[in-house]
Amino acid sequence: MTTVSATNSAAPSTAPYTPAAAKQFLGQDDFLKLMTAQLKNQDPMAPMNNAEFMGQMAQFSTVQGIGEVNTTLGNIDGEMRNYRIATGATMLGHQVLVPSTITRPDANGSVAGVVDLPESSDSVVISYSDAETGQLLHSDALGAQPPGLLGFGWDAIPEDIRAANRPIQVTVQASNAAGTQDVGPQVYAKVYAAQAATSGGDLTFQVEDYGAVNALEVDGFR
Numbered sequence: 404m405t406t407v408s409a410t411n412s413a414a415p416s417t418a419p420y421t422p423a424a425a426k427q428f429l430g431q432d433d434f435l436k437l438m439t440a441q442l443k444n445q446d447p448m449a450p451m452n453n454a455e456f457m458g459q460m461a462q463f464s465t466v467q468g469i470g471e472v473n474t475t476l477g478n479i480d481g482e483m484r485n486y487r488i489a490t491g492a493t494m495l496g497h498q499v500l501v502p503s504t505i506t507r508p509d510a511n512g513s514v515a516g517v518v519d520l521p522e523s524s525d526s527v528v529i530s531y532s533d534a535e536t537g538q539l540l541h542s543d544a545l546g547a548q549p550p551g552l553l554g555f556g557w558d559a560i561p562e563d564i565r566a567a568n569r570p571i572q573v574t575v576q577a578s579n580a581a582g583t584q585d586v587g588p589q590v591y592a593k594v595y596a597a598q599a600a601t602s603g604g605d606l607t608f609q610v611e612d613y614g615a616v617n618a619l620e621v622d623g624f625r
């Protein structure tokens, strides 16, 4: 007769079972297998409610769908950033309209801009001065003008200013029966850099003599 004592019997292990290849998350196939097993082993006298079954399926589909949407949105954001960078690259060296009085000659040796006149004017005068010395270089008398946008430009810039790419200051004076007032213009200025935010931001231009401007706020370019 063999006697087994408590002291020499093998004690059961209390360590939790942790399979080496245990899955951390359920995939769609795993979920469907579990649901199939649940249906096969359900109590025939108390079968699973259809609404409960469909609710579980919808919940899983929603979670999976959210993950797919987030992935898609991430991909779209990356593609949009690449598009913004490409767009910014095409604008380097071009000029955009900015609310400023300082401009420089473009590749053709001209300066240009627009002014938004708040009311009818009997006379509008555009003056161009050397921004460094204050010397008046040229002025255009445009006569009576209605309210609204008015374009202007000067292409007979002296060669020494063109060659040195000197800054030119533009002033606009509008006169009527109420008096004469200065009206702030928008001038074309050169884009020398473009930046696209890492995620979700707009394209930003760095503009000569002006600084940063959101590409969405630019009203014109050339």
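The opening position of the sequence shown corresponds to residue 404 in the working numbering, with each subsequent residue numbered one higher.
Don't be surprised by glycine CBs; every beta carbon is placed ideally from N, CA and C.
This one's a predicted model, so the numbers in the text were calculated from it and none came from an experiment.
Checklist entry - Could you check where the alpha helix (DSSP H) with I564 kicks off and where it finishes? => result The residue labelled residue 564 in the question sits at position 161 within the sequence shown. Unbroken alpha helix (DSSP H) run through I564: E562 to A567.
Item to check | H541 in three-state terms, based on DSSP | outcome: What you label residue 541 is simply residue 138 of the sequence shown in a count that begins at 1. DSSP places H541 in strand when its eight states are reduced to three.
Checklist entry - What is the residue span of the beta strand (DSSP E) that D585 lies within? => result Reading the sequence shown from its first residue, position 182 is the one you call residue 585. Bounds of the beta strand (DSSP E) holding D585 are G582 to D585.
Item to check | Distance between A559 and N511 (C-alpha atoms, nearest Å) | outcome: Counting from 1 along the sequence shown, the entry for residue 511 is found at position 108. Counting from 1 along the sequence shown, the entry for residue 559 is found at position 156. C-alpha of N511 to C-alpha of A559: approximately 10 Å in a straight line.
Checklist entry - Grouping DSSP H, G and I as helix and E and B as strand, with all else coil, what is G546? => result Position 143 of the sequence shown, counted from the start, is the residue given in the question as residue 546. If DSSP states are grouped into helix, strand and coil, G546 belongs with coil.
Next on the checklist: Please classify G496 as buried or exposed, where buried requires at least 16 neighbouring CB atoms within 10 angstroms.
Outcome noted: Here the question's residue 496 lines up with position 93 in the sequence shown. The Cβ neighbour count for G496, taken over all protein chains shown within 10 Å, is under 16; the residue is labelled exposed.
Next on the checklist: I need the DSSP call for L495, collapsed to helix, strand or coil.
Outcome noted: For the purposes of this step, residue 495 is taken as residue 92 along the sequence shown, with counting starting at 1. In this structure, L495 counts as coil in the three-state DSSP scheme.
Item to check | A510 in three-state terms, based on DSSP | outcome: The count along the sequence shown starts at 1 and reaches residue 510 at position 107. Residue state, collapsed to three classes: coil.
Item to check | Inter-residue CB distance, Y591 and V528 (contact presumed, cutoff 8 Å) | outcome: Residue numbering aside, residue 591 sits at position 188 when the sequence shown is read from its first letter. Residue numbering aside, residue 528 sits at position 125 when the sequence shown is read from its first letter. Not really, about 20 Å apart at Cβ, beyond 8 Å.
Checklist entry - Taking DSSP as the reference, what is the three-state secondary structure of T405? => result Start at 1 with the first residue of the sequence shown, and residue 405 comes out as number 2. Any answer about T405 is weak, because its pLDDT of 31 lies below 50 and its placement is not dependable; what the coordinates show is given next. In this structure, T405 counts as coil in the three-state DSSP scheme.
Next on the checklist: Using only CA atoms, which one of A440, R565 and S530 lies nearest to P588?
Outcome noted: The count along the sequence shown starts at 1 and reaches residue 588 at position 185. Residue S530 is the option with its Cα nearest to P588.
Checklist entry - Are the region 540 to 547 and the region 502 to 522 touching by the rule of at least three beta carbon pairs closer than 8 Å? => result Contact between the region 540 to 547 and the region 502 to 522 is absent, because fewer than three Cβ pairs lie under 8 Å.
Item to check | Assigned secondary structure, T574 (DSSP; H/G/I helix, E/B strand, else coil) | outcome: Here the question's residue 574 lines up with position 171 in the sequence shown. Note: T574 maps to strand in three-state DSSP.
Next on the checklist: Here's the rule: buried if 16 or more other CB atoms are within 10 angstroms of the residue's CB, otherwise exposed. What is A424?
Outcome noted: Taking the first residue of the sequence shown as 1, we reach residue 424 at position 21. Since pLDDT at A424 reaches only 48, below the 50 mark, its modelled position is unreliable, and the value read off the structure follows with that caveat. Exposed.
Next on the checklist: For a quick check, are the C-beta atoms of V501 and Y595 less than 8 Å apart?
Outcome noted: Walking along the sequence shown from the start, residue 501 turns up at place 98. Walking along the sequence shown from the start, residue 595 turns up at place 192. A distance of 8 Å or more separates the beta carbons of V501 and Y595.
Checklist entry - Taking just the CA atoms, how far does A597 sit from A492? => result Walking along the sequence shown from the start, residue 492 turns up at place 89. Walking along the sequence shown from the start, residue 597 turns up at place 194. The C-alpha of A597 is placed about 7 Å away from the C-alpha of A492.
Item to check | Three-state secondary structure assigned by DSSP to T504 | outcome: In the sequence shown, residue 504 corresponds to position 101, counting from 1. If DSSP states are grouped into helix, strand and coil, T504 belongs with coil.
Checklist entry - In angstroms, rounded to a whole number, what distance separates the CA positions of R565 and D605? => result Here residue 565 is taken as the residue at index 162 of the sequence shown, counted from 1. Here residue 605 is taken as the residue at index 202 of the sequence shown, counted from 1. About 33 Å.
Checklist entry - What is the DSSP secondary structure of A599, reduced to helix, strand or coil? => result If you number the sequence shown from 1, residue 599 lands on position 196. Under the three-state reduction of DSSP output, A599 falls in the strand class.
Checklist entry - Taking C-beta to C-beta, are D585 and L552 nearer than 8 Å? => result Position 182 of the sequence shown, counted from the first residue, corresponds to residue 585. Position 149 of the sequence shown, counted from the first residue, corresponds to residue 552. No; because the gap between Cβ atoms is not below 8 Å, this pair is not in contact.
Checklist entry - What residue does the beta strand (DSSP E) around S526 start on, and which one ends it? => result For the purposes of this step, residue 526 is taken as residue 123 along the sequence shown, with counting starting at 1. Per DSSP, S526 belongs to the beta strand (DSSP E) from S526 to D533.
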